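Working notes, structure below.
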Amino acid sequence: MIKKILLSLSLVLAMQSLFATTALAADSYTLDPQHSYILWHVKHFGYSTQVGKFYASGTLVLDKKQPQNSKVNATITVANVSTGIEELDKHLKGKLFFDADQFPTATFTSSAVNITGKSTAKVEGMLTLHGFTKPVTLSVTFNQQSVNPISDKMTVGFSATTIIKRSDFGISTLLPGLGDDVKLDIEAEAYKT
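So that you can map any letter, position 161 of the sequence shown is 579 in the numbering used here, and since no number is skipped, the others follow by simple counting.
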């Protein structure tokens, strides 16, 4: 009986040690909202490609030893869309496009990280935009990790791309002239918390 109790205790302690080691292997970071953004590109009636920008905030759990266990949760500030053209920004925030009064933010929550190379991965997750939630896969490149010379904080940087269909998120104004495919270029910096 004592042997069984000791064996059970040993297993519990081993499991606690394993979980503690796993927890220590992952670091928590905060997305820098001044240097984390989404640049979107959409075809404008075949004449040109127009762009706009959203800024993002959120958290990142980075597991350098087992990067497939890393996670990201980001909030995108749709209400602050910026194209550099004030009237266009107002138009995009209106009901015909982002309806920013009702949907001021979008969110992305990762569900899987699939490593594709030494510094690349496919990050799967759910994007909620304009009241719709759809799966999205980001092609991500890990840029670097070092102490930021300005903030003096350990910082990581990533670049990512994907293409979404705006009609999947209920934004169908002026289709097909105004493109349905929207290319997203994402740049993110996050500092260790």
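Glycine included, each C-beta is placed from N, C-alpha and C at the ideal position.
Note that this is a predicted model, so its numbers are computed, not measured.
Span separating the alpha-carbon of Ala-474 from that of Tyr-447 | 14 angstroms
Residue closest to Asp-598, alpha-carbon to alpha-carbon, out of Thr-467, Thr-611, Ile-456 = Thr-467
Answer with buried or exposed for Ser-529, where buried requires no fewer than 16 other C-beta atoms within 10 angstroms of its C-beta.
-> exposed
What does Phe-576 pair with, by DSSP beta-bridge criteria?
-> Phe-560, Ala-606
Can you tell me whether Phe-463 is buried or exposed, with buried defined as 16 or more other CB within 10 angstroms of its CB?
-> exposed
Where does Lys-536 sit, in a helix, a strand or coil, going by DSSP?
-> coil
Ignore the nearest five residues each way along the sequence and tell me which others in Ala-497's own chain have a CB closer than 6 angstroms to its CB.
-> Ala-518, Pro-522
Member of Glu-605, Lys-536, Lys-552, Thr-579 whose CA lies at the smallest distance from the CA of Gly-543 = Lys-552
Would you call the stretch 567–576 and the stretch 584–596 touching, i.e. three or more CB-CB distances under 8 angstroms?
-> no
Contacting residues, own chain, Cβ-Cβ under 6 angstroms from Lys-489 (five flanking each side not counted) | Val-479, Ser-528
Distance, Leu-514 Cα to Gln-484 Cα = 43 angstroms
Using beta-carbon positions only, say whether Ala-492 and Leu-547 come within less than 9 angstroms of one another.
-> no
As assigned by DSSP and simplified to three states, the class of His-509 | helix
Where do the N-terminal and C-terminal ends of the beta strand (DSSP E) with Asn-566 fall, by residue?
-> Element bounds for Asn-566: n/a, residue is neither H nor E.
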